[in-house]
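Have a look at the structure below, then the notes.
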Amino acid sequence: MVGMSLLRTAAAFTARLNPLKRTCQSSNLLSRTVARSEQVVVRYGSHGKRMFIIKPTDFYDRRFLHLLKYYILLAGIPVAALVTFVNIFIGESELAEIPEGYEPEHWEYYKHPITRWIARTFYDSPVKDYEKMMALIQMEAEKAEMRQLQLEVRRHMREKGDGPWFQIQTLDKNLIDHSPKSSPDN
Amino acid sequence: MPKDHDKDVYPEPPSRTPVEDRQSSLPNPALILSKLFYYSVDLPVTTFRDIVEGIQSGKKSHYYHQKFRRVPELTQCQEGDYVCYYEAEMQWRRDYKVDQEIVKVIQERLRACQQREGPSYSQNCYKELQQFEQVSKAFQSRYGDLGAYASARKCLMKQKERMMAEQQQA
Numbered sequence: 051m052v053g054m055s056l057l058r059t060a061a062a063f064t065a066r067l068n069p070l071k072r073t074c075q076s077s078n079l080l081s082r083t084v085a086r087s088e089q090v091v092v093r094y095g096s097h098g099k100r101m102f103i104i105k106p107t108d109f110y111d112r113r114f115l116h117l118l119k120y121y122i123l124l125a126g127i128p129v130a131a132l133v134t135f136v137n138i139f140i141g142e143s144e145l146a147e148i149p150e151g152y153e154p155e156h157w158e159y160y161k162h163p164i165t166r167w168i169a170r171t172f173y174d175s176p177v178k179d180y181e182k183m184m185a186l187i188q189m190e191a192e193k194a195e196m197r198q199l200q201l202e203v204r205r206h207m208r209e210k211g212d213g214p215w216f217q218i219q220t221l222d223k224n225l226i227d228h229s230p231k232s233s234p235d236n
Numbered sequence: 395m396p397k398d399h400d401k402d403v404y405p406e407p408p409s410r411t412p413v414e415d416r417q418s419s420l421p422n423p424a425l426i427l428s429k430l431f432y433y434s435v436d437l438p439v440t441t442f443r444d445i446v447e448g449i450q451s452g453k454k455s456h457y458y459h460q461k462f463r464r465v466p467e468l469t470q471c472q473e474g475d476y477v478c479y480y481e482a483e484m485q486w487r488r489d490y491k492v493d494q495e496i497v498k499v500i501q502e503r504l505r506a507c508q509q510r511e512g513p514s515y516s517q518n519c520y521k522e523l524q525q526f527e528q529v530s531k532a533f534q535s536r537y538g539d540l541g542a543y544a545s546a547r548k549c550l551m552k553q554k555e556r557m558m559a560e561q562q563q564a
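Quick note, the sequences are listed as chains A and B, same order. Residue numbers for the first sequence follow our numbering, beginning at 51 and rising by one. Residue numbers for the second sequence follow our numbering, beginning at 395 and rising by one.
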């Protein structure tokens with residue numbers, strides 16, 4: 051037993067002292083440490099050693115962002131180009147005094163050409179909207195007045211009783227056949 | 395470029411450019427910075443604007459400010475004449491907007507004056523201060539706490555309350 055461990059120590063010692071592999075030079079011959087070998091700088095011709103990096107999938111995130119950019123720019127770029135060309139080639143209007151005897155159209159009260167186009171093509175003039183509202187108000191006012199009048203007339207006719215509303219029509223008295231009434235005990 | 399502001403409305407104090415009396419041979423940093431700003435920002439922007447105006451020259455369209463006729467006010471309407479009420483209400487709303495813009499202009503004047511005068515503004519801009527105080531007091535007393543659903547009727551009722559308070563005081 052003791053001899054085996056002695057033999058093992060001797061084998062390790064001789065292996066360390068191997069002249070073909072001179073790792074330890076001088077100071078640490080008899081100790082068990084091994085000197086660190088120097089790191090040699092390795093230069094690859096490629097991008098380094100190819101690694102298989104394990105990380106969670108970013109397929110869905112990248113697909114979402116790609117589609118987002120695509121759909122935003124699909125309409126965004128034409129709209130931006132349109133607005134740029136309108137601003138450069140057509141340009142905004144200038145403020146001027148209303149000439150004598152001239153009634154400006156309702157779109158000529160706006161500055162930007164796109165606003166003017168929208169007001170000219172789609173919107174009614176504010177004067178027309180005003181008149182429409184006044185017409186509605188007048189119709190509602192007339193209806194309210196008619197209803198008030200009707201209630202008043204009802205009240206009067208119910209009180210006095212000489213109007214046609216609260217009278218029940220009876221038969222004409224000439225239609226009554228009085229002949230069975232002349233002989234009562236028939 | 396939009397026209398610069400009217401110089402008579404916001405008068406600037408006369409500038410007193412000091413006579414240059416350089417005693418150091420170091421380059422003037424203010425000059426360097428102003429030249430930098432000129433060449434990097436001012437010149438490209440001005441040339442771009444000139445190009446754009448060259449393209450746009452000729453076919454200029456105009457826009458106008460709409461003028462509204464005065465219609466009878468709420469106090470001059472017959473009772474039950476809802477069309478007259480509507481026209482008076484619309485006129486009151488336009489007048490409310492105009493008064494808000496008037497207050498904004500007076501505020502802007504006071505702000506410009508304070509910016510110009512610096513620490514001594516309470517003495518130098520006395521006129522603007524008085525004007526602002528008067529205008530804001532008048533606005534508060536007429537349109538003050540009417541709220542978001544303000545209407546011509548509510549304003550009229552507020553005026554009635556004000557007159558009754560004045561009569562009680564007198």
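Ideal Cβ positions, reconstructed from N, Cα and C, are used throughout, including at glycine.
Kindly say whether residue i, judged by its beta-carbon, lies nearer than 7 Å to any beta-carbon of chain B.
i         : result
A/Glu-155 : no
A/Lys-161 : yes
A/Met-189 : no
A/Ser-143 : yes
A/Glu-158 : yes
A/Gln-184 : In the sequence as presented, Gln is not what sits at residue 184 of chain A; that position holds Met. Chain B, which has a Cβ nearer than 7 Å to the Cβ of A/Met-184, makes this yes.
A/Ala-130 : no
A/Ala-169 : no
A/Ile-164 : no
Based on DSSP bridge pairs, tell me the residues matched to residue i.
i         : result
B/His-456 : A/Glu-144
How many angstroms separate the CA atom of residue i from the CA atom of residue j?
i         : j         : result
B/Val-499 : A/Trp-167 : 31 Å
B/Gln-501 : B/Phe-526 : 7 Å
B/Lys-554 : B/Thr-469 : 12 Å
B/Gln-485 : A/Trp-215 : 45 Å
B/Arg-505 : B/Glu-511 : 10 Å
B/Ala-424 : B/Phe-462 : 52 Å
B/Arg-464 : A/Tyr-173 : 25 Å
A/Arg-170 : A/His-156 : 8 Å
B/Glu-481 : A/Leu-201 : 29 Å
B/Met-557 : B/Tyr-479 : 22 Å
B/His-456 : A/Leu-145 : 6 Å
B/Lys-548 : A/Ala-191 : 22 Å
A/Val-177 : B/Gly-538 : 30 Å
A/Ser-96  : A/Phe-102 : 16 Å
Closer than 7 Å, CB to CB, is residue i near chain A or not?
i         : result
B/Val-446 : yes
B/Lys-454 : yes
B/Val-465 : no
B/Gln-485 : no
B/Tyr-457 : yes
B/Val-477 : yes
B/Tyr-480 : yes
B/Gln-390 : In the structure as shown, chain B starts at 395 and stops at 564, and residue 390 of chain B therefore has no counterpart that could be examined.
B/Gln-470 : no
B/Gln-460 : yes
Alpha helix (DSSP H) containing residue i: first to last residue?
i         : result
A/Ile-164 : 163 to 171
B/Asp-444 : 437 to 450
B/Ile-496 : 476 to 511
B/Tyr-537 : 520 to 537
A/Met-183 : 176 to 210
B/Gly-560 : Position check: residue 560 of chain B holds Glu in this sequence, whereas Gly was assumed. Here the alpha helix (DSSP H) through B/Glu-560 covers 546 to 563.
A/Leu-117 : 109 to 135
Inter-stretch contact (C-beta, 8 Å, three-pair minimum) for the segment 129 to 142 of chain A and the segment 161 to 177 of chain A: Segments in contact, yes.
Three or more C-beta pairs below 8 Å linking the segment 464 to 483 of chain B and the segment 148 to 161 of chain A: Pairwise C-beta distances place the segment 464 to 483 of chain B out of contact with the segment 148 to 161 of chain A, as fewer than three of them are shorter than 8 Å.
Sufficient close CB pairs (3 or more, under 8 Å) joining the segment 490 to 497 of chain B to the segment 530 to 537 of chain B: Output reads yes: the segment 530 to 537 of chain B touches the segment 490 to 497 of chain B.
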